[in-house]
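All the letters of the sequence shown, read from the start, carry residue numbers 494 to 957 under my numbering. Below is one structure, written out as structure tokens; comments come after it.
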Amino acid sequence: MHTKRDIELTILTALRSALPPVVSTAVLVAAANALDVRFTQGYVVLALLSAMLVWIAIGRDQPPSSAIPASPLALAGQTVVEWSAVVATLLLIGYATKTSAGFSRLALFLWFTITPPILIVALTIVHTWMRAITASPRNARKAVIVGESQMGERLAAAIEARPELGLRLERVFDVRESPLRPAPRKGDPAAVGRERISEYVNRCRIDVAFIALPIESADTRAILDGLRDTTASVYVLPDIALYDLIQARSDEIDGIPIIALCESPLQGVRGLTKRGTDLVFASLLTLCALPVMLGIAAAIKLTSRGPVVFKQHRYGLDGERITVYKFRTMTVTENGRKVRQARRDDPRVTAVGRFLRRTSLDELPQLFNVLGGSMSLVGPRPHAVAHNEQYRKLVRGYMVRHKVAPGITGLAQVNGCRGETATLDDMRRRVEYDLEYLRHWCWLLDLKILAKTVALLFRDERAY
Numbered sequence: 494m495h496t497k498r499d500i501e502l503t504i505l506t507a508l509r510s511a512l513p514p515v516v517s518t519a520v521l522v523a524a525a526n527a528l529d530v531r532f533t534q535g536y537v538v539l540a541l542l543s544a545m546l547v548w549i550a551i552g553r554d555q556p557p558s559s560a561i562p563a564s565p566l567a568l569a570g571q572t573v574v575e576w577s578a579v580v581a582t583l584l585l586i587g588y589a590t591k592t593s594a595g596f597s598r599l600a601l602f603l604w605f606t607i608t609p610p611i612l613i614v615a616l617t618i619v620h621t622w623m624r625a626i627t628a629s630p631r632n633a634r635k636a637v638i639v640g641e642s643q644m645g646e647r648l649a650a651a652i653e654a655r656p657e658l659g660l661r662l663e664r665v666f667d668v669r670e671s672p673l674r675p676a677p678r679k680g681d682p683a684a685v686g687r688e689r690i691s692e693y694v695n696r697c698r699i700d701v702a703f704i705a706l707p708i709e710s711a712d713t714r715a716i717l718d719g720l721r722d723t724t725a726s727v728y729v730l731p732d733i734a735l736y737d738l739i740q741a742r743s744d745e746i747d748g749i750p751i752i753a754l755c756e757s758p759l760q761g762v763r764g765l766t767k768r769g770t771d772l773v774f775a776s777l778l779t780l781c782a783l784p785v786m787l788g789i790a791a792a793i794k795l796t797s798r799g800p801v802v803f804k805q806h807r808y809g810l811d812g813e814r815i816t817v818y819k820f821r822t823m824t825v826t827e828n829g830r831k832v833r834q835a836r837r838d839d840p841r842v843t844a845v846g847r848f849l850r851r852t853s854l855d856e857l858p859q860l861f862n863v864l865g866g867s868m869s870l871v872g873p874r875p876h877a878v879a880h881n882e883q884y885r886k887l888v889r890g891y892m893v894r895h896k897v898a899p900g901i902t903g904l905a906q907v908n909g910c911r912g913e914t915a916t917l918d919d920m921r922r923r924v925e926y927d928l929e930y931l932r933h934w935c936w937l938l939d940l941k942i943l944a945k946t947v948a949l950l951f952r953d954e955r956a957y
């Protein structure tokens, strides 16, 4: 047991979590004092609110030692983006509550600009310290891998390439029935008898044994029984390499271990965070866009026959059917078993509709879908029911995209996969981005997608 290493990492982890809110508060107080601004109750509330937001954005979701950014530039970029998200949220709250006038503009400007570099320096020091502790050979735990499999090979490569994991690979054992190979170099597979593995683990004082074999086989049971006579920590690697993992994690039900291969990223607090963000931003956007929506409604009504708002059935969260609202941009309102996608220079698109589609203003009524809870600001774009029934049989993992609520914009749309899916490969590419979004969802990813969406509003060549 490396108790000293564990204690050091525990202290540094706590320090890493506390640093962002402490630095944020200290810089705010220093900025106010430097400008002789009284630290009134309003500033106290701001300090507490910002500390909470900074902890959520930067302090709470800290990486494990295996994912600590090695590059100071990567850490700087990540910190700037996260701090910008906090500032944007505070500005929106100030605008919505009309309390921003009570603060010194210069003090806030100093706070906004000085905090990131101080945070970057402090976090770089802590991260460097953490990496030094985990990568130090004196702290590395000796490990063996028993069995050759794809997952075992991936683990062996990761241990060799990532010293910050705190593991040193001593041997890979091949327990298949085969002649004993020549003496292997360190880390190479060695074909040995099953009874010799526990002997080797004891003799070489191995700390961790990873079992990369089918758990139900007699060989595995014999090896596990032998390892009970050692002090090594034992881990079993489930052979899940053939699965497309979405938010994979382990859990238990009444003491029964389970492994989630495909799960929604929006469980518990994360789901509440996303829903809260949707309500705040959608409410503000609806208030700001209301005059624009009234003008668009009048233009549609005066220039073409038909309803102002087009309603279409689509699949939402968990595949439930929902009604999605859009400003009508065509002379038809298809909502049946066959729905033709809009093409470039489509004659069905009206003159007003062409402008609305090019600028994405036709999507504004979906803000009411967001407020109602059937959609989110960011998520996989919902497709017409007819398209869902067509592509779910053709694209692997298509329906997994419904593990989260559909969005007005999404990762696929800001990466060139907006609009018509003329070929099956077009839809496959879109679905790949949707699944990538599910794998890596976080609050900051949503903010990045929203920012990219705004940047693409008037220059997206796929908008037609």
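Even for Gly, the Cβ is constructed at its ideal location relative to N, Cα and C.
Contacting residues, own chain, Cβ-Cβ under 6 angstroms from residue i (five flanking each side not counted)
{"i": "residue 600", "result": "524, 525, 528 and 530"}
{"i": "residue 743", "result": "752"}
{"i": "residue 812", "result": "895"}
{"i": "residue 941", "result": "none"}
{"i": "residue 914", "result": "920"}
Cut-off 7 angstroms between Cβ atoms - residues of its own chain near residue i, not counting five sequence neighbours on either side
{"i": "residue 806", "result": "814, 816, 828 and 878"}
{"i": "residue 582", "result": "546"}
{"i": "residue 822", "result": "842, 843, 846, 849, 850 and 855"}
Coil, strand or helix - residue i by DSSP
{"i": "residue 667", "result": "strand"}
{"i": "residue 914", "result": "coil"}
{"i": "residue 749", "result": "strand"}
{"i": "residue 897", "result": "coil"}
{"i": "residue 842", "result": "strand"}
{"i": "residue 517", "result": "helix"}
{"i": "residue 534", "result": "helix"}
{"i": "residue 760", "result": "coil"}
{"i": "residue 890", "result": "coil"}
{"i": "residue 596", "result": "coil"}
{"i": "residue 909", "result": "coil"}
{"i": "residue 933", "result": "coil"}
{"i": "residue 641", "result": "coil"}
{"i": "residue 858", "result": "coil"}
{"i": "residue 950", "result": "coil"}
{"i": "residue 927", "result": "helix"}
{"i": "residue 697", "result": "coil"}
{"i": "residue 503", "result": "helix"}
{"i": "residue 577", "result": "helix"}
{"i": "residue 853", "result": "coil"}
{"i": "residue 797", "result": "coil"}
{"i": "residue 919", "result": "helix"}
{"i": "residue 945", "result": "helix"}
Sequence-distant residues of the same chain with beta carbon closer than 8 angstroms to residue i, five excluded per side
{"i": "residue 766", "result": "549 and 936"}
{"i": "residue 552", "result": "509, 510, 511, 512, 513 and 514"}
{"i": "residue 648", "result": "638, 703, 705 and 730"}
{"i": "residue 636", "result": "652, 660, 661, 662, 663, 699, 700, 701, 702 and 703"}
{"i": "residue 928", "result": "737, 739, 890, 893 and 894"}
{"i": "residue 796", "result": "843, 844 and 845"}
{"i": "residue 885", "result": "891 and 892"}
C-beta contact flag for residue i and residue j at 8 angstroms
{"i": "residue 896", "j": "residue 793", "result": "no"}
{"i": "residue 943", "j": "residue 870", "result": "yes"}
{"i": "residue 579", "j": "residue 543", "result": "yes"}
{"i": "residue 717", "j": "residue 694", "result": "no"}
{"i": "residue 849", "j": "residue 803", "result": "no"}
{"i": "residue 690", "j": "residue 725", "result": "no"}
{"i": "residue 634", "j": "residue 659", "result": "yes"}
{"i": "residue 516", "j": "residue 608", "result": "yes"}
{"i": "residue 782", "j": "residue 857", "result": "yes"}
{"i": "residue 859", "j": "residue 818", "result": "yes"}
{"i": "residue 910", "j": "residue 922", "result": "yes"}
{"i": "residue 453", "j": "residue 888", "result": "No information on residue 453 is available, as it lies outside the stretch 494 to 957 that the chain covers here."}
{"i": "residue 912", "j": "residue 873", "result": "no"}
{"i": "residue 875", "j": "residue 899", "result": "yes"}
{"i": "residue 604", "j": "residue 541", "result": "no"}
{"i": "residue 917", "j": "residue 773", "result": "no"}
{"i": "residue 905", "j": "residue 926", "result": "yes"}
{"i": "residue 505", "j": "residue 622", "result": "yes"}
Counterpart residues of residue i in DSSP-defined beta bridges
{"i": "residue 808", "result": "814"}
{"i": "residue 728", "result": "703"}
{"i": "residue 755", "result": "739"}
{"i": "residue 820", "result": "802"}
{"i": "residue 902", "result": "871"}
{"i": "residue 661", "result": "635"}
{"i": "residue 877", "result": "807"}
C-beta neighbour in chain C for residue i, strict 8 angstroms
{"i": "residue 767", "result": "In the displayed structure, chain C is absent; only one protein chain is listed."}
Evaluate the contact criterion for the region 842-858 versus the region 752-766: three or more CB pairs, one atom per stretch, below 8 angstroms. no
Would you call the region 510-519 and the region 582-600 touching, i.e. three or more CB-CB distances under 8 angstroms? no
Is the number of C-beta pairs between the region 567-578 and the region 608-618 that are closer than 8 angstroms three or more? yes
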